[in-house]
Amino acid sequence: MKLLDDSGFLKEKGKLVLQDDDNLYAFIKDALPRLAEMGDVLYSADVKHLFSTKTPKIKSSIRSLGGNLLEIDVDFEGIDRKTAGEILRSIKEKKKYFKLKNGSFLSLEDEKIKNLAGVLEDVPKEDIKQNAVSISKYRVMGFLGKNRGRVSPPLEHMETFEKVIDDIVNSRSLEINPPSSLVGILREYQVTGFKWLKILADHGLGGVLADDMGLGKTLQTIAFLLSAKESGARPRTSLIVTPSTLIYNWENEIARFAPQLETTVISGTVAERRKMIKKLDEYDVAITSYPLLRNDVDLYSSHSFYCVVLDEAQHIKNFESLNARSVKKVNSHARFALTGTPMENSPAELWSIFDFIMPGYLYSYKKFNENYQKPILNGDNGALQELRKLISPFVLAGSGRYAAIRGYSSKTTGAPAGKWSFWKNCWKGW
-2 MKLLDDSGFL KEKGKLVLQD DDNLYAFIKD ALPRLAEMGD VLYSADVKHL
48 FSTKTPKIKS SIRSLGGNLL EIDVDFEGID RKTAGEILRS IKEKKKYFKL
98 KNGSFLSLED EKIKNLAGVL EDVPKEDIKQ NAVSISKYRV MGFLGKNRGR
148 VSPPLEHMET FEKVIDDIVN SRSLEINPPS SLVGILREYQ VTGFKWLKIL
198 ADHGLGGVLA DDMGLGKTLQ TIAFLLSAKE SGARPRTSLI VTPSTLIYNW
248 ENEIARFAPQ LETTVISGTV AERRKMIKKL DEYDVAITSY PLLRNDVDLY
298 SSHSFYCVVL DEAQHIKNFE SLNARSVKKV NSHARFALTG TPMENSPAEL
348 WSIFDFIMPG YLYSYKKFNE NYQKPILNGD NGALQELRKL ISPFVLAGSG
398 RYAAIRGYSS KTTGAPAGKW SFWKNCWKGW
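Residue -2 is where the sequence shown starts when you use this note's numbering, and the numbers rise one by one after that.
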């Protein structure tokens, strides 16, 4: 009687009645087996189908919709497409069960289904149409990156994305040759950086090359752009955005190390720049400055680049700045940020750069602030470790190693508690 009382049964006219679906599901799943241990449980034929919970069997397929958008079809055995969409929305909302029209329950507490909920976490409800889900490739990568080594991919074919992360992390050991004209010029760690850039771009991803000044971020990028030309990458043109003072430095370095690259500098009057932008498809590389891009961003709207590279990317660390808003409007297959200081004062600066290279990978700013920034600044080491694991494949620091971040306390730096800096020492956890 105590078990029935704890299960939520109420006395009504001499009977024990259970009405709430949550209570009914819990009774069938947890209390009924315990009753069966106490004695025989008898029930009428018209409720027999209720007295069991099943875990839906899942089959899935993934296809590209172009850009960074994927469509995932999820089929549940014996379930029609419309109901499948309702089940997916319940999974997204992390519900414990789904009640079918006949009154029986599907259990949504299986580990694989919980992992699927993690993939769907940021997907708007309207992007779930029947059994098909439109989702950013970056969100899939984010889930797998955060849970790498801890959980199995929840859907079929996701192993492909897991392998991409493995290739990124192990890029140093992969057989990828730099352009022959730069063999002997690139140092070993610069070859590693070149491989890393190429693997990311081949998969339509982005990254932060965070070498200190003097370690050759420019040369590694030029090697990557030359390799893209030699492999016939499409679209043909890549865009480099840099501080005004470095525009011609980039032009000179390209002429020095990769004269094969047809290069143009977009500068001059508005009329001159407009004319140059119309002819972008004639070049392998276009170079412009942050201020000019802010003024010309609407002129770039009809163009799609193979790659956009931001030099001194700390210029977009304030996600509300015009610089940040402008560069994020430019269309491209891959995006890279070059900077020695991706984060100096707060995790929000890192979020802004990732919002450029892979929009949505670190969630919306609101969610990032709740899940990572606030906890980390309050000393939550678990949140810090999770963020570290999430970003590590996509940040390459000095000497071609995957970088980590850590907070510095006032005891070690004299800085106020919560002060942040980028850790340029190499993290060997990968």
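Virtual Cβ for every residue (Gly too), placed ideally from N, Cα, C. None of the values given here were measured: they were computed from a predicted structure.
Cβ atoms of asparagine 144 and glycine 82 stay farther apart than 8 Å, at about 25 Å. In the three-state scheme derived from DSSP, where H, G and I count as helix and E and B as strand, isoleucine 76 is classed as coil. Distance from the CA of lysine 214 to the CA of lysine 98, rounded to the nearest whole angstrom, comes to 60 Å. Put simply, the backbone Cα of lysine 12 is about 19 Å away from that of alanine 42.
Taken through DSSP and simplified to helix, strand or coil, threonine 234 comes out as coil.
The Cβ-Cβ distance between phenylalanine 102 and isoleucine 84 does not fall below 8 Å. Counting the other CB atoms within 10 Å of its CB gives glycine 36 a total below 16, which places it among the exposed residues. Non-local C-beta neighbours of proline 150 in its own chain, meaning closer than 8 Å and more than five positions away in sequence, comprise Asn112, Leu141, Glu156, Phe158 and Glu159, ordered along the chain. Secondary structure in the region 59 to 137: the beta strand (DSSP E) runs of 3 residues or longer, each lying completely within the stretch, are 66 to 73, 94 to 96, 102 to 104 and 129 to 133 in chain order. Between phenylalanine 48 and isoleucine 25, the gap from beta carbon to beta carbon is short of 8 Å. Measuring C-alpha to C-alpha distances from leucine 206 to each of Leu66, Val306 and Val14 identifies Val306 as the nearest.
In the DSSP assignment, asparagine 328 falls within the unbroken beta strand (DSSP E) covering 328 to 335. Within the region 229 to 286, the runs of alpha helix (DSSP H) at least 4 residues long that lie entirely inside it are, in chain order, 244 to 254 and 267 to 275. Taking every protein chain shown into account, the CB of tyrosine 40 has fewer than 16 other CB atoms within 10 angstroms, so this residue is exposed.
Nearest to phenylalanine 353 by C-alpha distance, out of Lys314, Arg147 and Ser178, is Lys314.
Nearest neighbour of leucine 216 by Cα position, chosen from Glu227, Asp18 and Phe191, turns out to be Phe191. The region 355 to 362 makes no contact with the region 216 to 233, as fewer than three CB pairs between them are under 8 Å.
The Cβ neighbour count for glutamine 257, taken over all protein chains shown within 10 Å, is under 16; the residue is labelled exposed. In this structure leucine 236 is in contact with valine 327, their Cβ atoms being roughly 7 Å apart against a cut-off of 8 Å. Under DSSP, valine 205 forms a beta bridge with Ala334 and Val392.
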